[in-house]
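Numbering (the working numbering), first residue to last: 29 to 425.
Note that the Cβ used here is the ideal one computed from N, Cα and C, for glycine as well.
Here's the structure, in structure tokens; my notes come after.
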Amino acid sequence: MSYTEYPGINVPIRMWTDPATVEGQALQQLRNISSLPWIHGLAVMPDVHLGKGATVGSVIAMKGAVCPAAVGVDIGCGMSAVKTTLTARDLPDDLSRLRSRIERVIPVGRGLHSDPVDPTRIHGFASGGWDEFWSRFDELTPAVKARRERALQQMGSLGSGNHFVEVCLDTSGAVWLMLHSGSRNIGKELAEHHMDVARSLPHNQGLVDRDLAVFIAATPQMEAYRSDLFWAQEYAKRNRAVMMALFQDVVRREFPKAKVGFDDVISCHHNYVAEERYDGEDLLVTRKGAIRAGAGDHGIIPGSMGTGSYIVRGLGNADAFNSASHGAGRKMSRSAAKRKFGVRDLEEQTRGVECRKDSGVVDEIPGAYKPIEKVMAQQTDLVEVVAELKQVVCVKG
């Protein structure tokens with residue numbers, strides 16, 4: 029579908045979904061974003077829903093300004109996936125041992141490695157720039173200086189919520205490895221520090237929503253945020269790379285006779301800021317629950333823990349600022365999901381998937397998410413499908 033134009037304040041809101049299906053609070057949040065003096069354009073993806081700070085599924089292009097709450101607290105959160113040479117025939121009927129081995133190697137929830145991961149000891153891992161990256165930790169805001177050791181130990185760990193590690197099959201029976209995670213606690217603390225700073229600045233005092241406080245170009249506050257932001261985005265990318273390398277090692281050891289091979293890893297952020305050019309202007313583009321989908325860009329759009337996911341190729345639609353959805357998108361809050369569903373519902377909706385089926389993950393039940401097939405149908409002018417996947421193992425925190 030092409031977009032529907034919904035009235036905004038300073039710019040129209042381009043929506044890749046029916047505005048009538050978007051909850052009122054999310055629509056108001058979008059109108060608030062469109063009222064920012066620095067706004068250049070606003071595109072809304074089909075997985076749109078109410079978010080903290082800014083609407084999930086929004087692509088916010090601003091001239092000379094960036095809103096830290098629009099990026100969110102999980103700076104650089106995103107996906108990685110890789111196709112293997114294994115096929116469905118190589119997998120055992122009982123996948124519980126494989127799941128357990130993944131959980132032993134990759135810490136989940138609030139877990140972290142007892143000792144920092146040594147990238148030089150991971151089979152085939154490309155650790156380029158590792159020392160230089162960590163040397164820049166000392167340049168981060170002093171508010172996080174005491175978190176270095178924790179950040180080191182959380183590198184290569186999953187987290188909780190909607191983060192996951194999965195073994196999937198595509199429609200031809202090929203096995204894929206997929207994971208979803210971000211910048212862990214260090215990203216959260218950096219984000220919260222800068223959001224507090226932004227709210228205190230004089231130019232933000234008259235905003236309709238103080239959560240939309242921005243930093244303005246050529247100010248010390250903006251330069252400090254950009255430095256910390258881009259470091260955290262790199263942390264998130266490296267975190268996924270370490271986990272994927274550990275995941276691949278688990279699979280190699282689990283299937284030694286198969287001599288497993290892997291294609292190139294596909295990786296994409298979906299909570300981040302990028303410097304891009306549109307309409308002859310240099311802009312700061314914030315994708316809050318959206319992936320870059322420039323012409324030829326590969327991306328990953330997951331469903332939920334019991335439904336399918338998609339590997340996609342971007343079509344380069346400038347109307348959407350070269351973007352697409354980051355997933356299915358929630359249709360109800362976590363608390364609402366816990367009220368509506370129970371463990372039996374979770375067991376039924378994740379039938380055939382080796383995963384947790386307890387009350388601790390009921391808020392991640394497939395029924396709490398929009399149908400991924402409908403979301404994909406609404407963005408055929410943004411991406412084309414390369415592969416359709418279905419998980420057989422799902423690890424969550």
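Would you call K368 buried or exposed, if buried means 16 or more other Cβ atoms sit within 10 Å of its Cβ? exposed
Quick check for students: name the residue ranges of the alpha helix (DSSP H) that lie wholly in the region 242-300, counting only runs of 4 or more. 248-282
How would you call A98, buried or exposed, if buried means at least 16 neighbouring beta carbons within 10 angstroms? buried
Cβ contact check for the region 149-165 and the region 73-80: 3 or more pairs under 8 Å: Too few Cβ pairs lie closer than 8 Å, so no.
Exposed or buried, A174, counting other C-beta atoms within 10 Å across all chains shown (16 or more means buried)? Exposed, since its Cβ has fewer than 16 Cβ neighbours within 10 Å.
Comparing the C-beta of E194 with each C-beta of chain B, is any distance below 7 Å? You won't find chain B in this structure, because it holds only one protein chain.
Quick check on DSSP: helix, strand or coil for D166? If DSSP states are grouped into helix, strand and coil, D166 belongs with the helices.
Taking 7 Å as the cut-off, decide whether the C-beta atoms of R315 and S337 are in contact. Taking 7 Å as the Cβ cut-off, R315 and S337 do not qualify as a contacting pair.
Which complete beta strand (DSSP E) runs does the region 173-236 hold, if anything under 3 residues is left out? 192-198 and 202-209
Say whether the region 196-205 touches the region 243-252, bearing in mind that this needs 3 or more beta-carbon pairs closer than 8 Å, one atom from each stretch. no
Can you give me the Cβ contacts of G156 inside the same chain, cut-off strictly under 7 Å, excluding the 5 residues immediately before and after it? There are no such residues.
CB contact flag (V87, F349, <7 Å): Closer than 7 Å, so yes.
Spatial neighbours of N213 in its chain, beta-carbon cut-off 8 Å, leaving aside the 5 residues before and after: Non-local beta-carbon contacts of N213 in its own chain, meaning distances under 8 Å to residues more than five positions away in sequence, involve R175, R178, A179 and Q182 in chain order.
Reference T169, options P144, R372, L257 and G342, closest by Cα: If we check each option's Cα against that of T169, L257 comes out closest.
Let me know if G215 comes out buried or exposed under the rule of 16 or more other beta-carbons within 10 Å of its beta-carbon. buried
Taking the Cβ atom as the reference point for each residue, do A219 and V313 lie within a distance shorter than 7 Å? In this structure, A219 keeps its C-beta atom at 7 Å or more from the C-beta atom of V313.
Where V72 and G152 are concerned, what is the direct C-alpha to C-alpha distance, given to the nearest angstrom? 39 Å
Quick check: the Cα distance between S295 and H208, rounded to an integer number of angstroms? 10 Å
Tell me whether the region 113-122 and the region 354-372 touch, counting them as touching only if at least three CB pairs, one residue from each stretch, are closer than 8 Å. no
Is the beta carbon of G210 less than 7 Å from the beta carbon of C105? Between G210 and C105, the gap from beta carbon to beta carbon is short of 7 Å.
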